[in-house]
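Peer 1: Please read through the structure below; I'll follow up with questions.
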Amino acid sequence: MKKLNKKKYPHLAEIQKNHNNKDMDKLGEEVLSLITKYGLDMKETSALMFYVTQQTIQAPHNALFLKERLGLDVSNLGVEGILKVQQALVTVYLEELQKGSDW
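Residue 615 in this note's numbering sits at position 8 of the sequence shown, with consecutive numbering throughout.
This is the structure:
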């Protein structure tokens, strides 16, 4: 992967720092805090989490990754398809977490 121009993208250093030091429990608590702040019920929370998952999976770089690595076209997946991809990603994440390694 080629290096990005730090002058052109000054925020990348902070993003890299956050990526390297992320605390998933803390991040989860922050999301729950927002859910509480806005008074979302379970349906709204589920819809929001689905939206985040859909946007993440269908982001161009992730869609390309899934297409190249798995032959999966995520551009037209419905709810069930998005949730199946999410389930697979969570399963892989938990397996890697148990092994103590990073992706």
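All C-beta atoms, glycine included, are put in the ideal place defined by N, C-alpha and C.
Looking at the unbroken alpha helix (DSSP H) that takes in Gln661, where does it start and where does it end?
Peer 2: Note, Gln661: alpha helix (DSSP H), Met649 to Ile664.
Peer 1: Flag this pair as yes or no: are the beta carbons of Leu679 and Leu673 separated by less than 7 Å?
Peer 2: Yes, the pair counts as a contact, with Cβ atoms nearer than the cut-off.
Peer 1: Taking just the CA atoms, how far does Pro617 sit from Ile642?
Peer 2: In a straight line, the C-alpha of Ile642 is about 30 Å away from that of Pro617.
Peer 1: Roughly how many angstroms lie between the CA atoms of Asp648 and Val681, to the nearest whole one?
Peer 2: So the alpha carbons of these two residues sit roughly 28 Å apart.
Peer 1: Among Met631, Arg676, Asn625 and Leu655, which residue has its Cα nearest to the Cα of Tyr700?
Peer 2: Measuring from the Cα of Tyr700, the nearest candidate turns out to be Met631.
Peer 1: Should Ile622 and Thr660 be called a contact, given that it needs their Cβ atoms to be closer than 7 Å?
Peer 2: Not in contact: Ile622 and Thr660 (Cβ atoms no closer than 7 Å).
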